[in-house]
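**Q**
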Amino acid sequence: MTCFRCAVYPLMLTAMVVVVATGNRCRLARDTGLCRAFMPRFYYNWNEQECQAFIYGGCGGNANRFQTLEECQRACRAPFRKSDCKLPKETGPCRALMPSYYYDLSTETCEPFIYGGCGGNANRFDTFAECKQRCAGICQEPKEVGLCRAAIPRWFYNRNTERCEQFIYGGCGGNRNNFQSLLECRDQCVLN
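Under mature numbering (1 follows the signal peptide of the UniProt record, and there is no 0), the residues of the sequence shown are numbered -23 to -1, 1 to 169, in order.
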């Protein structure tokens, strides 16, 4: 008698390694596997751009399978864009109680809210620090000439006009919204 699993598992492992190595893990469709166990897991739904729960059968399947929601979100969260900070707070349709933060554009601060665990949008962060760093970071700081009296041409992001603009930097002090080139300013601050 031949062992079906002995022949299939090495092939599946090879396929999983290839998928993970090429970075397409999160694009794979949900796959419950060949067996019929009842194992709650999470997968990344590429069309919905979110992690979702599913029941894994215990063997087979593909690399788009995670033990926890957090593990899935770390591996597959869509690339962050500065424009995500302009999205409204959205708790989503599910009823989990996940403490999160969103950037409130009207107050220009990161505010706590309870995320439902699915749906919602990209203006959602696990920590206050992550929210602040992504949305209220360098680009939200005002233009600052600094304390010294040199005349160094630099660029800053003007959050009112949503453009990078040139200014004269004094050479010392100031803040982080101070770029050596227009390209550097745009790469860091201009909305995608």
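Every residue, glycine too, gets a C-beta built ideally from N, C-alpha and C.
Measuring only the C-alpha atoms, how far is Glu85 from Tyr79?
**A** Numbered from 1 along the sequence shown, position 108 holds the residue referred to as residue 85. Numbered from 1 along the sequence shown, position 102 holds the residue referred to as residue 79. Roughly 10 Å separates the two Cα atoms.
**Q** For the alpha helix (DSSP H) containing Ala30, name the first residue and the last one.
**A** On the sequence shown, residue 30 is found 53 positions in, with the first residue counted as 1. Taken as a continuous stretch (DSSP letters only), Ala30 belongs to no alpha helix (DSSP H), being part of the beta strand (DSSP E) at 27 to 33.
**Q** Mapping the DSSP letters down to three states, classify Gln50 as helix, strand or coil.
**A** Taking the sequence shown and counting its residues from 1, one reaches residue 50 at position 73. Three-state result, Gln50: helix.
**Q** Report the residue from Ser77, Tyr134, Asn98, Phe133 whose alpha carbon sits nearest the alpha carbon of Ala106.
**A** In the sequence shown, counting from the first residue as 1, residue 106 sits at position 129. The candidate whose alpha carbon is nearest that of Ala106 is Ser77.
**Q** Can you find the residues in the same chain that come closer than 6 Å, C-beta to C-beta, to Leu46, ignoring five residues on each side of it along the sequence?
**A** Sequence index remark: in the sequence shown, residue 46 carries index 69 (1-based). For Leu46, where only same-chain residues beyond five positions count, the Cβ hits under 6 Å are Phe19, Cys28.
**Q** By Cβ distance, which residues of its chain are closer than 6 Å to Asn22, with the 5 residues on each side in sequence left out?
**A** In the sequence shown, residue 22 corresponds to position 45, counting from 1. These residues qualify, in order along the chain: Gln29.
**Q** Does the separation of the CB atoms of Leu11 and Ala40 fall below 8 Å?
**A** If you number the sequence shown from 1, residue 11 lands on position 34. If you number the sequence shown from 1, residue 40 lands on position 63. Not in contact: Leu11 and Ala40 (Cβ atoms no closer than 8 Å).
**Q** Looking only at its own chain, which residues have a Cβ that is under 7 Å from the Cβ of Thr9, when we skip the five neighbours before and after it?
**A** Here residue 9 refers to the residue found at position 32 when the sequence shown is read from its first residue. Excluding residues within five positions, the ones whose Cβ falls inside 7 Å are Phe31, Ile32, Tyr33, Gly34, Gly38.
**Q** Helix, strand or coil for Asp8? Go by DSSP, reduced to three states.
**A** On the sequence shown, position 31 is the one that residue 8 refers to. In this structure, Asp8 counts as coil in the three-state DSSP scheme.
**Q** Taking 8 Å as the threshold, find out whether the segment 86 to 93 comes into contact with the segment 120 to 133 through three or more Cβ pairs.
**A** Cβ pair count under 8 Å is below three, so no.
**Q** Does DSSP classify Asp81 as helix, strand or coil?
**A** Against the sequence shown, residue 81 aligns to sequence position 104. If DSSP states are grouped into helix, strand and coil, Asp81 belongs with the strands.
**Q** Report buried or exposed for Ala99, applying the criterion of at least 16 other Cβ atoms within 10 angstroms of its Cβ.
**A** Here residue 99 is taken as the residue at index 122 of the sequence shown, counted from 1. So Ala99 ends up on the buried side.
**Q** Taking DSSP's pairing of strands, which residues face Cys141 in a bridge?
**A** In the sequence shown, residue 141 corresponds to position 164, counting from 1. Looking at the DSSP assignment, Cys141 forms a beta bridge with Tyr134.
**Q** Starting from Cys162, trace the alpha helix (DSSP H) in both directions and tell me its first and last residue.
**A** On the sequence shown, residue 162 is found 185 positions in, with the first residue counted as 1. Start and end: 159 to 166.
**Q** Within its chain, find whatever has a CB closer than 8 Å to the CB of Cys108; leave out the 5 residues flanking it on each side and keep chain order.
**A** To locate residue 108, count along the sequence shown from 1; it is residue 131. Closer than 8 Å at Cβ, skipping near neighbours: Tyr78, Tyr79, Tyr80, Cys87, Phe102.
**Q** Who are the Cβ neighbours of Cys49 in its own chain at under 8 Å, not counting the five residues just before and after it?
**A** For the purposes of this step, residue 49 is identified with residue 72 of the sequence shown, where counting begins at 1. Correct list, in chain order: Phe19, Tyr20, Tyr21, Cys28, Phe43.
**Q** Does the distance from the C-beta atom of Gly97 to that of Thr138 stay below 8 Å?
**A** The count along the sequence shown starts at 1 and reaches residue 97 at position 120. The count along the sequence shown starts at 1 and reaches residue 138 at position 161. Contact flag unset, no.
**Q** With which residues is Thr86 paired in a DSSP beta bridge?
**A** Indexing the sequence shown from 1 puts residue 86 at position 109. Beta-bridge pairing links Thr86 to Asp81.
**Q** Check whether the Cβ atoms of Cys3 and Ala52 lie closer than 8 Å to each other.
**A** As a working note, residue 3 is residue 26 in the sequence shown. As a working note, residue 52 is residue 75 in the sequence shown. Yes. Within cutoff.
**Q** State yes or no: is the C-beta of Leu82 within less than 8 Å of the C-beta of Lys66?
**A** The sequence position of residue 82 within the sequence shown is 105, counting from 1. The sequence position of residue 66 within the sequence shown is 89, counting from 1. For Leu82 and Lys66, no; Cβs fall outside 8 Å.
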